[in-house]
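Data first, discussion second: the structure below is written as structure tokens.
Protein chains: 2
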Amino acid sequence: MKARKAEPPPCTEVCMPVILSTPEPLPLAMNTIICTVDVILLTLLHDSLQVALLRRDHEPFAGVLALPGGYIHPDQDGDTQAAAVRVLRDKTGIVSPYLEQLATFSGRGRDPRGWSLSICYYALVPPEVIEAAGHPEVVLVPADGIAGLPFDHQQIVAAALERVRNKSSYSSLPVYLCGETFTLPRLQAVYETLLGEPLNKVSFRRKIEEFDILEPIEGALETGKAHRPAQLYRLKARYRNRLSLTDRGLSTG
Amino acid sequence: MKARKAEPPPCTEVCMPVILSTPEPLPLAMNTIICTVDVILLTLLHDSLQVALLRRDHEPFAGVLALPGGYIHPDQDGDTQAAAVRVLRDKTGIVSPYLEQLATFSGRGRDPRGWSLSICYYALVPPEVIEAAGHPEVVLVPADGIAGLPFDHQQIVAAALERVRNKSSYSSLPVYLCGETFTLPRLQAVYETLLGEPLNKVSFRRKIEEFDILEPIEGALETGKAHRPAQLYRLKARYRNRLSLTDRGLSTG
DNA sequence: CCTGCTTAGTTGCAAAAATAAACTAAGTTG
DNA sequence: CAACTTAGTTTATTTTTGCAACTAAGCAGG
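This is the structure we're talking about:
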């Protein structure tokens, strides 16, 4: 099977091919599928989960806030994950250490241009990463009660929130919303914001201990507060790009 | 957008098309993406999880056992889920009450024809449904230690198994592997096969009770065994097409 | 520089849940 | 009708969880 760089246009009826080496005819209908990726970039700001949106450059919905997304470029992208990384980097300047496939959304109605599908990925970053990227056109909007999004982006965001909240109840996912270093009370507050309920301090610390993904930073304490300073922690090196699971939840009751 | 019934073979280098009427300037790169769906149809036979495979009709890998799959037909399929339903029905005669999106697999290397993506769905059915469909070309193969599959179907099956096993540890998913009616000991055996470990009888029954998805069939007991007969159960009507979750696992230890 | 305030982090205990084992129930087989 | 086998329940033990009280350690203010 040889790879061709130039794409000859498909034959029409009057075309009489001389060399016939393609075993299977690709259905023409395939050409009408619009293939894109979208990224749900989430961060925690002012104690609420925020989604990063961008104003659309082009029609349809030019000027409307929407999820960062774009066409898959088979010539550039090794796969759809790579496409998502590229789109996110090009449109926001951000490279997220945590980027996971959410689901594929598809159908005739979701894009006015025609039958489309979008492979969606969600990313979690601390707000500093978004600021540091220096793309002021990135708009953060509270994730709950979000409205007015084009296409089916509303549903996509809802699915991402459900996934993140569910995963937060049994995994270490929320650490990706914290910066490089953080205290346990801070991490607990992040979990509580995501889960929408207070957590028991002892149980929470037991669970995090069980995950075995954090290490205290020798002698580093949080400064500047008028009370006992808290120990600073960071992700253990081998977990900087993964997440840890348990079979039991974190939630009270 | 006109639909043509005959598919002329694609041109090769020596083919000089005379009529060129492509109307839309969709980005060229898009046209090179092969869009398919694949279905991982699982069942439980002889106390082991089996995957349904079919011999491929066409190149590439003609004659090789592979997952049932096919092109998305935007003119027929409302979305990719509908495409998966259609493909499964057309190729195996089966309509599964449980069909869920697994993930999308993509990239340059997975299909020798070029850059492709496949939105994969997994389905669970009792073996009777496969038999009743009367497509003898459907081959059941033990899911573990499966080998020799074309494309990246090996990875896809592995991902489906991981998903099903994981989901079995906290949901009622396995009921879809049982028939219309079944006993609790039978259901427990199904869970144990999937999870690969024995479960505590009392804990198991508590958990199923908690799911609140089953109802005993009045006066219906399993017959024909040389011991105390077990109560027959069925899914409550409102759950015939869904599944129930809890936050706690089923597994021992 | 001592007292009080606030939050960090730990300890011990009580309540709840999960597990194991033992027991009763109800059929078939010989 | 006794023996056997599995269904289903009860009881006891262990494990896990959640609460509350406690100690620790900083700062602020007099």
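First to last, the protein sequences are chains A and B.
For the first sequence, position 120 (counting from the first letter as 1) is numbered 127 according to the working numbering, and the numbering increases by one without interruption.
For the second sequence, position 56 (counting from the first letter as 1) is numbered 63 according to the working numbering, and the numbering increases by one without interruption.
We put the CB at the ideal spot given by N, CA and C, even for glycine.
The structure presented is a predicted model; accordingly, all values stated were derived computationally and were not measured.
Practice prompt. Using three-state DSSP, classify GLU135 of chain A as helix, strand or coil.
Written response: helix
Worksheet item: Are the C-beta of PRO233 of chain B and some C-beta of chain A separated by less than 8 Å?
Response: It should be pointed out that residue 233 of chain B corresponds to Ala in this sequence rather than to Pro. No, no contact with chain A.
Fill in: DSSP state of THR200 of chain B mapped onto helix, strand, coil
helix
Worksheet item: Got a sec, what are the start and stop residues for the beta strand (DSSP E) VAL145 of chain A sits in?
Response: Segment: none, VAL145 of chain A is in no beta strand (DSSP E) and carries neither H nor E.
Worksheet item: So, is the C-beta of THR188 of chain B closer than 8 Å to a C-beta in chain A?
Response: no
Worksheet entry | Alpha-carbon to alpha-carbon, VAL58 of chain B and THR200 of chain B | 15 Å
Worksheet entry | Start and end residues, beta strand (DSSP E) containing VAL44 of chain B | 41-52
Discussion item. Measuring CB atoms only, is the segment 149-167 of chain B touching the segment 211-219 of chain B, in the sense that at least three cross pairs come out at less than 8 Å?
Written reply: no
Worksheet item: Would you call the CB atoms of VAL44 of chain B and GLY76 of chain B closer than 8 Å?
Response: yes
Fill in: Boundaries of the beta strand (DSSP E) in which LEU61 of chain B is found, first to last residue
55-62
Discussion item. Does the structure place the segment 91-102 of chain A close enough to the segment 182-191 of chain A that three or more beta carbon pairs sit under 8 Å?
Written reply: no
Practice prompt. Go ahead and label PRO143 of chain B buried or exposed: buried means 16 or more other beta carbons lie within 10 angstroms of its beta carbon, across all protein chains shown.
Written response: exposed
Practice prompt. Tell me where the alpha helix (DSSP H) around PHE189 of chain B begins and ends.
Written response: First-last for PHE189 of chain B: 188-190, but that is the beta strand (DSSP E), not the alpha helix (DSSP H).
Discussion item. Rounding to the nearest angstrom, what Cα-Cα distance links PRO104 of chain A and ALA165 of chain B in this structure?
Written reply: 25 Å
Fill in: Contacts that GLY203 of chain B makes with chain A (C-beta to C-beta distance below 8 Å)
Near GLY203 of chain B there are no residues of chain A at all, since even the closest Cβ is about 14 Å away, more than 8 Å.
Fill in: Sequence-distant residues of the same chain with beta carbon closer than 7 Å to PRO119 of chain A, five excluded per side
PRO67
Fill in: CB contact flag (LEU51 of chain A, VAL171 of chain A, <8 Å)
no
Worksheet entry | Neighbour list for GLY114 of chain A in chain B, Cβ cutoff strictly below 7 Å | GLY85 and ASP86
Discussion item. Just to confirm my understanding: we take ALA7 of chain A, look at its own chain, exclude 5 residues before and 5 after, and list those with CB closer than 6 Å. What are they?
Written reply: Lying outside 8 to 260, the shown extent of chain A, residue 7 of chain A is not represented and no answer is given.
Item to complete: Name, please, each residue of chain A whose Cβ falls closer than 9 Å to the Cβ of THR111 of chain B.
Response: THR87, GLN108, ALA110, THR111, LEU124 and ILE126
Worksheet entry | Alpha-carbon spacing of GLY100 of chain A relative to HIS234 of chain A, whole angstroms | 38 Å
Fill in: Contact set between PRO236 of chain B and chain A, taken where Cβ atoms lie within less than 9 Å
Those do not exist, as PRO236 of chain B stays about 34 Å from chain A at its closest Cβ, beyond 9 Å.
Worksheet item: So which residues on chain A does ILE40 of chain B lean against when the C-beta distance must stay under 7 Å?
Response: CYS42, ILE79 and PRO81
Fill in: With 16 other Cβ atoms within 10 Å as the buried cut-off, status of ASP219 of chain B
exposed
Worksheet item: Taking C-alpha atoms, which residue in B:GLN83, B:VAL71 and B:THR39 lies nearest to PRO81 of chain A?
Response: B:THR39
Item to complete: State buried or exposed for LEU242 of chain A, treating a residue as buried only when at least 16 other CB atoms are found within 10 Å of its CB.
Response: buried
Worksheet item: Hey, how far is the Cα of VAL132 of chain B from the Cα of TYR183 of chain B?
Response: 6 Å
Worksheet item: What did DSSP end up calling ILE126 of chain A once you bin it into helix, strand or coil?
Response: strand
Discussion item. Please classify ILE224 of chain B as buried or exposed, where buried requires at least 16 other C-beta atoms within 10 Å of its C-beta.
Written reply: exposed
Worksheet item: Which residues mark the beginning and the end of the alpha helix (DSSP H) in which GLU216 of chain B is found?
Response: 208-218
Worksheet entry | Element boundaries [beta strand (DSSP E), containing ASN109 of chain A] | In the sequence under discussion, the amino acid at residue 109 of chain A is Leu, which differs from the Asn named in the question. Per DSSP, LEU109 of chain A belongs to the beta strand (DSSP E) from 106-114.
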